[in-house]
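Novice: According to my numbering, the sequence shown is numbered sequentially starting from 7. Below: one structure in structure tokens.
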Amino acid sequence: MLIRQMRTITPHPATDESIGRWLWALDDARTRTKGLVAGLTERQLDTVPAGLTNSIGTLLYHIALIEADYLCVDVLGMGEDTLLDELMPLFTLDVRDDRDRLSVMAGISVAEHFARLDRVREAMVKTYSAMTLTELDSTRELVNWGSVVSPAWVIYHLTQHEAEHRGEIRSIITLLEQ
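Following this line, the structure appears as structure tokens:
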């Protein structure tokens, strides 16, 4: 029997179809990440294989926190280390510890990680779907970082960020299976 895959883009509802396409790309990255880790146990999420520094749970927390930070600081222009009120309770740890490593997130189920990722994504989609193309391409100077950023770059960067960490997660899963 021939199995047919749909390899098409279905834009999210947004003020402009091109913004909807970017939101679809974000969701595609998230669907792939969630598919990779669905069904893992807390032990698998918390294990750090020899020679590595991160667990899958730590990376899932990091992906969510970085997305929230980019949304709030770079896109919405909130102050550094400031998140939307509805997102604040989701993040009890800073992104990095006092040794400048990703903060360790342990003892959290896949469902709890998915809930955190979903809440952040809801805020992202709500913000971006209401933007105009002019707003998408507008720039903001980040004085503390010595850079200029646009919401268009942020959405591109977040798809890359998640894909790169998904590769790291795949490697951890491979090591756990050995």
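Ideal Cβ positions, reconstructed from N, Cα and C, are used throughout, including at glycine.
For ASP80, is the classification buried or exposed, using 16 other Cβ atoms within 10 angstroms of its Cβ as the cut-off for buried?
Specialist: By 1-based counting over the sequence shown, the position of residue 80 is 74. Buried, because 16 or more other Cβ atoms sit within 10 Å of the Cβ of ASP80.
Novice: Measure the Cβ-Cβ separation of ILE175 and LEU42 and say whether it is below 8 Å.
Specialist: Locating residue 175 in the sequence shown gives position 169, where the first residue counts as 1. Locating residue 42 in the sequence shown gives position 36, where the first residue counts as 1. Yes.
Novice: Can you round the beta-carbon distance between MET111 and GLY45 to whole angstroms, since I take them to be within the 8 Å contact cut?
Specialist: On the sequence shown, residue 111 is found 105 positions in, with the first residue counted as 1. On the sequence shown, residue 45 is found 39 positions in, with the first residue counted as 1. Going by Cβ atoms, the distance from MET111 to GLY45 rounds to 19 Å, so no, they are not a contact pair.
Novice: Relative to the alpha-carbon of THR138, which residue among ASP106, ALA158, ARG105 has its alpha-carbon at the smallest distance?
Specialist: Residue 138 sits at position 132 when you count from the first residue of the sequence shown. Of the listed residues, the one whose Cα sits closest to THR138 is ALA158.
Novice: Counting along the chain, where does the alpha helix (DSSP H) carrying ARG146 start and finish?
Specialist: Numbered from its first residue, the sequence shown carries residue 146 at position 140. Run containing ARG146: none in the alpha helix (DSSP H); it sits in the beta strand (DSSP E), 146 to 148.
Novice: Given that a residue counts as buried once 16 or more other Cβ atoms are within 10 Å of its Cβ, and exposed if not, what is GLU73?
Specialist: Position 67 of the sequence shown holds residue 73. It counts as buried.
Novice: Measuring CB to CB, does ARG123 end up less than 8 Å from LEU66?
Specialist: What you label residue 123 is simply residue 117 of the sequence shown in a count that begins at 1. What you label residue 66 is simply residue 60 of the sequence shown in a count that begins at 1. As written in the sequence, residue 123 is Leu, which differs from the Arg given in the question. Contact: yes.
Novice: For GLU168, is the classification buried or exposed, using 16 other Cβ atoms within 10 angstroms of its Cβ as the cut-off for buried?
Specialist: Here residue 168 refers to the residue found at position 162 when the sequence shown is read from its first residue. Counting Cβ neighbours within 10 Å, GLU168 comes out buried, since at least 16 surround it.
Novice: Taking C-alpha atoms, which residue in LEU32, GLN11, ARG10 lies nearest to PRO17?
Specialist: Along the sequence shown, one-based indexing puts residue 17 at 11. Nearest C-alpha to PRO17: LEU32.
Novice: Can you name the residues that DSSP bridges to VAL154?
Specialist: Stepping through the sequence shown from its first residue, residue 154 is reached at position 148. Bridge partners of VAL154: GLU147.
Novice: If distances are taken between C-alpha atoms only, which option among ARG10, ALA20, THR98, ALA35 comes closest to TYR214?
Specialist: The question about residue 214 has no answer, for the chain in this structure spans 7 to 184.
Novice: Just curious, the alpha helix (DSSP H) that HIS68 is in, first and last residue?
Specialist: As a working note, residue 68 is residue 62 in the sequence shown. That run of the alpha helix (DSSP H) goes 62 to 75.
Novice: Exposed or buried, ASN150, counting other C-beta atoms within 10 Å across all chains shown (16 or more means buried)?
Specialist: Here residue 150 corresponds to residue number 144 of the sequence shown, with the count starting at 1. Under this definition ASN150 is an exposed residue.
Novice: Classify ALA136 as buried or exposed, calling it buried when 16 or more other Cβ atoms lie within 10 Å of its own Cβ.
Specialist: Numbered from its first residue, the sequence shown carries residue 136 at position 130. The residue in question, ALA136, is exposed, as its Cβ has fewer than 16 Cβ neighbours within 10 Å.
Novice: Going by CA-CA distance only, name the one from GLU128, ASN60, PRO55 that's closest to LEU77.
Specialist: As a working note, residue 77 is residue 71 in the sequence shown. Selected option, being the one with the closest Cα: GLU128.
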